[in-house]
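As structure tokens, the structure follows; a few thoughts come after it.
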Amino acid sequence: DPPINIGIVIDISYSTRLYDFDGDKVGDLNNDGKANTILDAEIAGVEQLLKVIENSDDLNNDNVNIGVIVFESSGFYKGQYMPAGQYKPLDDSGNGVNKLFLEDLYKIKTAPDNYTAIYDNIGYTNFDDALDKSIEYYEERTAELGAEASDWTNLMVFLSDGVPNIRGDGDNEDWCNPQNNAINCNNAPPNTNTGSGVDPWLRGELSYCYSGDVGCNQTIYKPCVLGRTCESSEMVKSFDSEFARLDEFNVHRIAVGVGGGSDVSVDSALYRIDNNPNKLRFNLTPPQVYTTNDLASAFRNLCFANTANPTKMPSVSPTGVPTVTPTSTPTEQPTEDICDYDYIDFDGEHGIAPPNTWSNEYGMRIMSYTEADGYDSPAYYDVDGSDTLLVVPSAGATDDTVEMNTNGGTIIITQDLTQDKHMLLTLYGATDGVSIKTRYEGKMPEYPGEVASYTEYQGFAETKDIKVLVDGIKQVEIAFKGVGGISKMRICRDGQRTKSPSGLATN
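In this note's numbering, the protein residues as written are 1 to 507.
The following block contains the structure:
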């Protein structure tokens with residue numbers, strides 16, 4: 001309820017630029033040369049919040065204050081967007097979003113490449129320092145409001161696409177356990193802010209491996225404070241001192257996991273940050289969003305989640321007869337496509353997949369492609385003795401020696417003798433991500449057809465079912481960024497235009 005102070009904490013670690021985000025395309029909002037990234041989606045989500053304020057009858061420049069905090073290897077308090085200042089949420093008329101506020105949002109960037117992220121130490125994920133900097137916002141607002149501070153609601157929205165991997169401060173955090181036991185972390189440079197006069201949540205701040213520390217990558221003590229040796233450990237998610245200070249301002253904390261790389265499970269860092277009063281009562285975890293649409297919705301509905309199950313008995317009993325007359329009569333034909341799938345499973349197959357067999361039995365031609373080796377036949381790869389994948393093979397693979405190409409590659413399916421409605425592809429182990437492109441009439445590789453659709457998916461360890469519309473489509477290209485393969489295919493045939501080839505088993 002207004003008046004309200006909203007602290008928005010935005011993850012700008014390198015992964016937010018590296019990975020695309022599903023859902024509606026938002027473009028390159030921060031003009032960093034890469035469109036539709038997770039960071040673009042986070043910025044678009046904040047825009048949605050501003051539009052909520054713009055369209056609300058209750059929220060305006062007089063009762064909403066916004067503070068912006070961003071974080072990667074360190075946290076940064078960007079400042080207030082004040083009702084009385086230049087960067088208020090709405091323009092002077094109160095009828096539109098303040099363009100100056102949007103311009104500031106569009107300036108938010110992270111490391112432009114992997115080299116900068118590693119060697120300039122820009123782009124890791126420091127939850128602890130993000131909370132430290134958010135405290136600065138609530139301290140500043142409380143001092144400004146004076147006696148009126150208790151009339152304002154304090155809200156935090158904490159966004160992250162990953163897990164913390166930098167040692168925190170303020171809670172006597174130990175060193176992370178280095179993989180190289182020869183490193184004695186106790187010989188590392190001493191931390192700063194160790195005096196008794198230092199605020200508790202800042203005691204033990206790192207004196208090295210902060211954002212922009214170009215010497216971090218050269219020091220042998222790097223594993224003591226950041227990286228995979230620290231990831232999700234107690235050293236990076238001990239926030240008691242920060243929470244104690246935020247509780248003094250009665251801050252309601254909403255954590256949001258952005259994408260499949262985030263962790264909202266019980267006792268994760270995001271779970272600890274979220275102080276939803278219903279969390280324990282109803283066994284809830286923080287929301288996790290997978291598309292720009294869902295993230296925008298989260299910003300449009302900033303409130304604590306509660307149980308979706310009924311909490312009271314219905315106020316009335318069901319009626320004996322319908323109370324509403326149908327608005328239309330039944331249709332002669334089904335309005336939804338119910339499909340008896342033609343089913344292709346690769347279990348038991350071995351070696352290189354013969355293209356002629358595919359054309360003759362399945363009515364489709366299949367190829368694999370890598371930039372290094374060009375076009376070739378795909379291969380059957382035995383994952384664990386119980387599941388066989390269709391994969392892009394490594395160079396030099398034969399019927400007797402087939403290895404999955406760890407550098408990725410593309411599997412191209414061409415509908416030579418078929419016309420299908422859609423394919424349901426079960427992909428497996430694409431941990432580095434995968435994209436799917438469809439093309440209209442064309443002949444690969446010489447004359448690729450016009451692109452009909454293109455979708456990118458973030459990495460996943462196990463299986464993922466993806467529906468691909470192929471009515472009027474000639475080719476489907478499944479591009480793996482690293483390892484991964486197709487576990488099975490279910491094909492919805494257009495029976496009036498294509499009969500099921502004899503090699504297909506219909507389920």
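Beta carbons: idealized from backbone N, C-alpha and C, even for Gly.
Predicted, not measured: the structure shown is a model, and the values here were computed from it.
Please determine if the region 7–26 and the region 35–54 are in contact, where contact requires at least 3 C-beta pairs separated by less than 8 Å.
yes
Any idea if serine 268 is buried or exposed, counting beta-carbon neighbours within 10 angstroms, 16 or more meaning buried?
What you label residue 268 is simply residue 268 of the sequence shown in a count that begins at 1. By the 10 Å Cβ count, serine 268 comes out buried.
Inter-residue spacing [alpha-carbon to alpha-carbon] between aspartate 1 and glycine 212
Within the sequence shown, residue 1 is the residue found at index 1, counting from 1. Within the sequence shown, residue 212 is the residue found at index 212, counting from 1. When rounded, the distance between both Cα atoms is 39 Å.
Name the residue from Asn177, Asp129, Asp28 and Leu50 whose alpha carbon lies nearest to the alpha carbon of glycine 96.
In the sequence shown, residue 96 corresponds to position 96, counting from 1. The candidate whose alpha carbon is nearest that of glycine 96 is Leu50.
Can you say whether glycine 409 is buried or exposed, counting buried as having 16 or more other CB atoms within 10 angstroms of its CB?
Taking the first residue of the sequence shown as position 1, residue 409 is located at position 409. It is buried - the Cβ of glycine 409 has at least 16 other Cβ atoms within 10 Å.
Do threonine 153 and isoleucine 254 have their C-beta atoms within less than 8 Å of each other?
For the purposes of this step, residue 153 is taken as the residue at position 153 of the sequence shown. For the purposes of this step, residue 254 is taken as the residue at position 254 of the sequence shown. No.
Look at isoleucine 183 and isoleucine 220 and say whether their C-beta atoms are less than 8 Å apart.
Taking the first residue of the sequence shown as 1, we reach residue 183 at position 183. Taking the first residue of the sequence shown as 1, we reach residue 220 at position 220. Their beta carbons are under 8 Å apart, which means isoleucine 183 touches isoleucine 220 by this criterion.
Could you tell me whether the region 457–466 touches the region 418–435, using the rule of 3 or more Cβ pairs below 8 Å?
yes
Residue range of the alpha helix (DSSP H) that glycine 45 falls in?
Residue numbering aside, residue 45 sits at position 45 when the sequence shown is read from its first letter. Taken as a continuous stretch (DSSP letters only), the alpha helix (DSSP H) holding glycine 45 covers 38–55.
Would DSSP call serine 453 helix, strand or coil?
For the purposes of this step, residue 453 is taken as the residue at position 453 of the sequence shown. Assigned with DSSP and collapsed to three states, serine 453 falls in strand.
Could you have a look at alanine 188 and say whether DSSP puts it in helix, strand or coil?
Start at 1 with the first residue of the sequence shown, and residue 188 comes out as number 188. In the three-state reduction of the DSSP assignment, alanine 188 falls in the coil class, being assigned neither a helical nor a strand state.
Does DSSP classify glycine 96 as helix, strand or coil?
As a first step, residue 96 must be located in the sequence shown, where it is residue number 96. Residue state, collapsed to three classes: coil.
Taking C-alpha atoms, which residue in Asn187, Met489, Asn61 and Gln218 lies nearest to methionine 364?
For this step, residue 364 is matched to residue 364 along the sequence shown. It is Met489.
Apply the 10 Å Cβ neighbour rule to leucine 105 and answer buried if 16 or more other Cβ atoms are within range, or exposed otherwise.
Along the sequence shown, read from residue 1 onward, the residue named residue 105 stands at position 105. Answer is buried; the Cβ neighbour count reaches 16.
Which runs of the beta strand (DSSP E), 3 residues or longer, sit entirely within the region 131–216?
Taken in chain order, the whole beta strand (DSSP E) runs of length 3 or more contained in the region 131–216 are 153–160.
From the DSSP secondary-structure annotation, give me the bridge partner or partners of asparagine 5.
For this step, residue 5 is matched to residue 5 along the sequence shown. Asn65 and Asn154.
For phenylalanine 71, list the residues DSSP reports as bridge partners.
Position 71 of the sequence shown, counted from the first residue, corresponds to residue 71. In the DSSP output, where bridge partners are listed per residue, phenylalanine 71 has Asp11 and Gly75.
Confirm, please, whether the CB-CB distance from serine 74 to aspartate 171 is below 8 Å.
One-based indexing of the sequence shown puts residue 171 at position 171. One-based indexing of the sequence shown puts residue 74 at position 74. One thing to note: aspartate 171 has its Cβ no nearer than 8 Å to the Cβ of serine 74.
Mind checking which residues open and close the alpha helix (DSSP H) that includes valine 225?
For this step, residue 225 is matched to residue 225 along the sequence shown. 222–225 is the span of the alpha helix (DSSP H), which, as asked, contains valine 225.
Residue ranges of each alpha helix (DSSP H) run of no fewer than 4 residues wholly in the region 247–282, ordered along the chain?
Within the region 247–282, the complete alpha helix (DSSP H) segments of 4 residues or longer fall at 269–273, listed in chain order.
Assign glycine 510 to buried or exposed, taking buried as 16 or more other Cβ atoms, counted over all protein chains shown, within 10 Å of its Cβ.
The structure shown has nothing for residue 510, since the chain only spans 1 to 507.
Compare the C-alpha of alanine 298 against each of Ser150, Val434, Gly45 and Phe346 and name the closest.
Counted from its first residue, the sequence shown places residue 298 at position 298. From the listed residues Ser150, Val434, Gly45 and Phe346, the smallest Cα separation to alanine 298 is found for Gly45.
How is threonine 16 classed by DSSP in three states: helix, strand or coil?
For the purposes of this step, residue 16 is taken as the residue at position 16 of the sequence shown. In this structure, threonine 16 counts as helix in the three-state DSSP scheme.
DSSP-derived helix/strand/coil call for isoleucine 491
The count along the sequence shown starts at 1 and reaches residue 491 at position 491. Reduced to three states, the DSSP call for isoleucine 491 is strand.
Just grab the DSSP bridge partners of phenylalanine 480 for me.
Taking the sequence shown and counting its residues from 1, the one referred to as residue 480 is at position 480. The partner list for phenylalanine 480 (beta bridge, DSSP) reads Gly409 and Val434.
Short check: CB of leucine 131 to CB of phenylalanine 249, under 8 Å?
If you number the sequence shown from 1, residue 131 lands on position 131. If you number the sequence shown from 1, residue 249 lands on position 249. Not a contact, by the Cβ cut-off of 8 Å.
Could you work out which residue in Gly123, Gly168, Asp62 and Met404 is closest to asparagine 193 when comparing CA atoms only?
Within the sequence shown, the letter at position 193 stands for residue 193. Among Gly123, Gly168, Asp62 and Met404, the Cα nearest to that of asparagine 193 is on Gly168.
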